[in-house]
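Input: a single structure, listed below in structure tokens.
Residue numbers (the numbering used here): 901 to 1883.
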């Protein structure tokens, strides 16, 4: 809590403003609450596996818990099995308790495709059935109940003694449901099987009958005959569809036709009352019914269906029932734009507490390709049996790609919340509709019902939840305060190093000018200066109050207006705007003062004028800010490379840049964007107005009618040729070294390096031609040969050796530039380092180490302008060069050359002069008998690399590392952990 009355009042007011402006105003409101209501330890927060979810009160403490089963997101195995996840609900917080209460989830990884939780042995404790695919048998985890002391004992794998081995067909199970089919009072199990295509033949489902003690026999053939037949079966449920008192089986069959129904659709298998199944009906013949939910949607006591279809979702409302023979339905195609295309799991609950059952549909079909189904999670309102789409295509925070969701009351407030298993991690979405709850429970006796109490354990009725806006300390100079606010803003924006280098430069000019116009020995950097024809008007300034006060005012008001403009559309804009306003109020400034007439010596007006001019300058400086910095001409010549698929057949020119289609793109500020193909960042940035780049160093090239401006042109890089001519060998060597060095990322290989200044750095000369470029590197062992520094200049003594594993050092270097989520991007990294150095007690603040010791403000504005202008000019030069030469990335080159073959051994069948070079121990050919040869030797003759094994082999990215080993070059990827900014 904020205890200052002023800050309390302001923050409460801001809360009201936020609630008024961000309220979705369409049916129900939802709040993202993952950070405060989810604690993970055995899997990572950015877990990218396919997920299926069930919720139940496993430990009988009155709080609904969650189980997540996980596997790789494909229909064919390419990765190891995955561990499952147990989340216990501890007073409204889902806490990972897998290691404690379900340790066999970790020791028995599985290819789990579905889960069902029910009490199979009648002891009053829910047990867990896991349906596996990829030829893996189902698993049954029995709930052990509680000890004599009342402690829950968790789950234990009793599959071997309770489940039969399924041998009547290959277990490629997609779905599981349970129900008492025989009428003996115990839960039977039905598993829906599948084949990936018609060529695989007819799949056979499995019906396991419970003997009453939680032990099962496979009785499907005797009880069902050909009604076990399945095609691509992805869903099944057990319910009394015909109202005759016994439970029927409902399942789908899709993608291709099998007998006896010989069409695709949703099939009901009628129970004759003895647990035998002879009659059936196709309820909704359809090309691709993927998932369904059986619920009474209109409250008439008859069961209806919601069908998720790869075309358009459907609602089937029951109109007639003839027991064991037939059902009649009215079928309505929803036709919502959000319900068309490949969908996923569907779940139903009364979200608005109006007595009818609403629907939540996840969206991911794992093969289209992962996390790119064309849909997003959708919530539909049931209006007395008719469904409405109250949210439409509006991109709310909860609208994301999800494999599955669970609907449960997480905090026991009487409202249904959402636990979402996303393509990348998990979300908890809390229902923010407390007014719907009739309960008057008031735990903290503050007079506010718990359902509407933002802090239900705090008896202060005026308490409020923390707001995640940036807060900076006021003890630093005014320039430092607003630089820190800018860095916080960059962390809350999209990762755009060029754009943010420009922001840092513009802000440094603004703050320099606010200081310099009141310093007799200084001149402005921006006001009155000509920048490519733009000149900001300035008539001089005489402060009406003290220069110190006027400078602070000018910096504060200028930066406030500047940041409000530049970050208005940032992903975290709401919080940023609150942070700006709150900081101005904390400083005692009136944010409503907007005057730009500084002629009377008002520092506030000078700041507003500076911001207005910097903003106007930025709208015409060549960055295309008006169009959100979009590329104006550049288009890639290559089709995207789908990173999760082997090879690079789509590439047309190995010398040109290629987009990457990623399962999930995480930008440098931690924004997760599923199924994304990021564009080339700023290839036209050479046109942006610079600080000090000179026309004498400029070369202008033209392509497709657009001028690419290149400062300090380094010339073209080495180029690939199919015949190996020209600089093709250098192209191959330089790209191959990336893969070769990725084989050095294992911290357990025993290689130790001295990384002290005594062993690294101080290289005297650098290569000046492509031919000598390789001299800069030790390709075989890693690193760049250099003598280091003989002595520490501060002590006069040699540096003490600092021995570390080479693999750790290399990974730290790879990670440094990205810095994970919430990064201020590389330009901001240098400002973070500058601020750290500025705070060091040993620093003497002299400009260039000479003259008087500077005040904190003067030191900050001078150092910011020096660094900001240099960083921006570097961005203009480097990205201008990158845009014109449009060079390929290593993943494009390595996979592309691997498809051609190898260029070293002309006598081998896989020789190609444009292929990869063979390097013993690093780049070799797959031979017969090789571990990578594949079934039937399918990979023999391909190229393999001793390299980083890739993130796909990691089950838990928080605790495991992939290490290195032999990988097929066609599937090689750079060292790119999921938390990195994507290249």
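In this text, a Cβ means the ideal position worked out from N, Cα and C, and glycines have one as well.
Separation of residue 1784 from residue 987, as counted between CA atoms: Straight-line Cα distance between these residues: approximately 51 Å.
For residue 1635, which residues of its own chain have a beta-carbon under 7 Å away from its beta-carbon, when the five flanking residues on both sides are left out? 1790, 1793 and 1794, listed in sequence order.
Could you have a look at residue 1475 and say whether DSSP puts it in helix, strand or coil? In the displayed model, residue 1475 falls within a helix according to three-state DSSP.
Is it true that the CB of residue 1455 sits closer than 8 Å to the CB of residue 1885? Here the chain covers residues 901 to 1883 and nothing more, so residue 1885 does not appear.
Residue 955 versus residue 1120 - alpha carbon distance: The alpha-carbon separation between residue 955 and residue 1120 amounts to approximately 28 Å.
On a Cα-Cα basis, can you pick out the residue from 1449, 1423 and 1431 that is closest to residue 1439? It is 1423 whose Cα lies nearest to the Cα of residue 1439.
Within a Cβ cutoff of 6 Å, which residues of the same chain sit near residue 1285, ignoring the five residues on either side of it in sequence? Beyond the five residues adjoining it in sequence on each side, residue 1285 comes within less than 6 Å, by CB distance, of 1197 and 1198 in the same chain, given in chain order.
Between which residues of its own chain and residue 1045 is the CB-CB distance below 7 Å, once the five residues before and five after are set aside? Excluding residues within five positions, the ones whose Cβ falls inside 7 Å are 1023, 1025 and 1053.
Got a sec? Which residues, its chain only, sit under 8 Å from residue 925 by beta carbon, not counting five neighbours each side? Confidence in residue 925 is poor, its pLDDT being 43 and thus under 50, which makes the residue's placement too unreliable to answer from.
Helix, strand or coil for residue 1676? Go by DSSP, reduced to three states. In the structure shown, residue 1676 sits in a helix (DSSP, three-state: H, G or I).
Whether residue 1725 touches residue 1443 by CB criterion (8 Å): No.
Is it true that the CB of residue 1517 sits closer than 8 Å to the CB of residue 1611? No, Cβ-Cβ distance for residue 1611 and residue 1517 is not below 8 Å.
Under a three-way DSSP split, which group does residue 1220 fall into? DSSP places residue 1220 in the strand class (E or B) of the three-state scheme.
First through last residue of the alpha helix (DSSP H) which encompasses residue 1074: Counting along the chain, residue 1074 falls outside any alpha helix (DSSP H), though it belongs to the beta strand (DSSP E) covering 1073-1079.
Report the CB separation of residue 1653 from residue 1712 in whole angstroms; it is logged as a contact under 8 Å. About 11 Å; that fails the 8 Å criterion.
Please state whether the Cβ-Cβ distance between residue 1310 and residue 992 is less than 8 Å. Contact flag set, yes.
If you compare alpha carbons, which of 1128, 1587 and 1329 is closest to residue 935? Looking at the Cα atoms, 1329 is the closest of the given residues.
What are the boundary residues of the beta strand (DSSP E) that residue 1865 is part of? It spans 1864-1868 - the beta strand (DSSP E) in which residue 1865 sits, taken as one unbroken run.
Would you be able to state if there are at least three C-beta pairs under 8 Å between the stretch 1733-1741 and the stretch 1665-1680? Three or more beta-carbon pairs separated by less than 8 Å are not found between the stretch 1665-1680 and the stretch 1733-1741, which leaves the two stretches without contact.
Here's the rule: buried if 16 or more other CB atoms are within 10 angstroms of the residue's CB, otherwise exposed. What is residue 998? Buried, by the Cβ-count rule.
Bridge partners of residue 1189, per DSSP? Residue 1189 pairs with 1209.
Segment contact, 8 Å Cβ cut-off, at least three pairs: the stretch 973-983 with the stretch 933-953: Cβ pair count under 8 Å is three or more, so yes.
On the DSSP letters alone, give me the boundaries of the alpha helix (DSSP H) that residue 1612 sits inside. For residue 1612, no alpha helix (DSSP H) encloses it, and the DSSP letter there is neither H nor E.
Straight-line CA distance for residue 937 to residue 964? Distance between the alpha carbons of residue 937 and residue 964: 13 Å.
Going by DSSP, what residue range makes up the alpha helix (DSSP H) through residue 1001? 998-1001 is the span of the alpha helix (DSSP H), which, as asked, contains residue 1001.
Is residue 1713 helix, strand or coil when you go by DSSP? Three-state DSSP puts residue 1713 in a helix.
Segments assigned alpha helix (DSSP H), at least 4 residues, entirely inside the stretch 929-969: Those alpha helix (DSSP H) runs which fall completely within the stretch 929-969 and span 4+ residues are 934-937.
Whole-angstrom Cβ separation of residue 1849 and residue 1864, contact assumed at under 8 Å? The C-beta separation of residue 1849 from residue 1864 comes to about 6 Å, placing the pair in contact by the 8 Å criterion.
Give a yes or no on whether the C-beta atoms belonging to residue 1243 and residue 1204 are separated by under 8 Å. No; because the gap between Cβ atoms is not below 8 Å, this pair is not in contact.
Name the two residues that bound the continuous beta strand (DSSP E) containing residue 1300. That residue, residue 1300, is in no beta strand (DSSP E); it is neither H nor E in DSSP.
As assigned by DSSP and simplified to three states, the class of residue 1448: In the three-state DSSP reduction, residue 1448 falls in the helix class (H, G or I).
Provide the residue(s) that pair with residue 1561 in DSSP beta bridges, ordered along the chain. BP columns for residue 1561 point to 1542.
Any C-beta of chain B under 8 Å from that of residue 1250: No chain B appears in the structure shown, which is made up of a single protein chain.
Taking the Cβ atom as the reference point for each residue, do residue 1304 and residue 953 lie within a distance shorter than 8 Å? Closer than 8 Å, so yes.
What does DSSP give as the partner residue(s) for residue 1705 in the beta ladder? Its beta-bridge partners are 1652.
Using a Cβ-Cβ cut-off of 7 Å (strictly less than) and excluding sequence neighbours within five positions of residue 1832, which residues of its own chain qualify? Annotation for residue 1832: 1826, 1839, 1844, 1866 and 1868 place their beta carbon closer than 7 Å to its own, counting only its chain and skipping 5 residues before and after.
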